[in-house]
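Numbering (my numbering), first residue to last: 24 to 223.
What follows is the structure, encoded as structure tokens:
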């Protein structure tokens, strides 16, 4: 496992763990489909707005909260194509922003080819779940490839943690809440409900 995560100092009380490659792909699919449907160009997803939506769906409320956002991506991908900001090294890793939900600190971790992303993702979840200071965990996995591994990794998480898993459709069982990923991405892409009336 990446020693940066395993040996890092204290985590925040709130942690968001994201398969960034997967989220980027879903954003692309939504852009292509909705541009055709609503007849206008859709800009890249606003990263801060998307993170806020995930945090809200995961139970974070206004106040002086601290949230650690962990973006996991294949080493060959240096940036996200459908988000702004998007470059892992220069725009996301080690950056932070503050708003009415508190402070969000971003870290990006490239997965080496020697370690499968599913295994690495599950190890990160296990490490986060073991940290007593983490009270709220939001997980955005590739729900097609990683869901079973994520469910296994979370099965021993203590009752003291509120865990929310985001997927594009309801998924079977698990000791966690579920939210639909598409809603937060649509908000970050600036797609409004009234644009979809009569078109969905």
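Cβ coordinates follow ideal geometry from the N, Cα and C atoms, glycine included.
For residue 35, the three-state DSSP class (helix, strand or coil) = Here residue 35 sits in coil by DSSP.
Among residues of its own chain, excluding the 5 on either side of residue 41, which ones have a beta-carbon nearer than 6 Å to its beta-carbon?
-> 94, 163
Return the CA-CA distance between residue 59 and residue 39, expressed in angstroms with no decimal places.
-> 31 Å
Determine the burial state of residue 143: buried for a count of at least 16 other Cβ atoms within 10 Å of its Cβ, exposed for fewer.
-> buried
Around the C-beta of residue 62, are 16 or more other C-beta atoms found within 10 angstroms, so that it is buried, or is it exposed?
-> Residue 62 comes out exposed.
Proximity to residue 113 [Cα-Cα], best of 122, 187, 129, 124 = 129
Check whether the Cβ atoms of residue 161 and residue 53 sit closer than 8 Å, and answer yes or no.
-> no
Check whether the region 195–204 touches the region 171–180, counting contact only when three or more Cβ pairs, one atom from each stretch, lie closer than 8 Å.
-> yes
Count the other C-beta atoms from every protein chain shown that fall within 10 angstroms of the C-beta of residue 159, then say buried if there are 16 or more, exposed otherwise.
-> buried
Collapsed DSSP secondary structure at residue 162 in the structure displayed = strand
Does DSSP classify residue 127 as helix, strand or coil?
-> strand
Backbone secondary structure at residue 192 - three-state DSSP | coil
Chain-order list of residues whose beta-carbon lies under 8 Å from that of residue 101 (same chain, five-residue window excluded) = 110, 111, 112
Quick one: grab the DSSP three-state call for residue 177.
-> helix
What are the boundary residues of the beta strand (DSSP E) that includes residue 121?
-> Taken as a continuous stretch (DSSP letters only), the beta strand (DSSP E) holding residue 121 covers 119–122.
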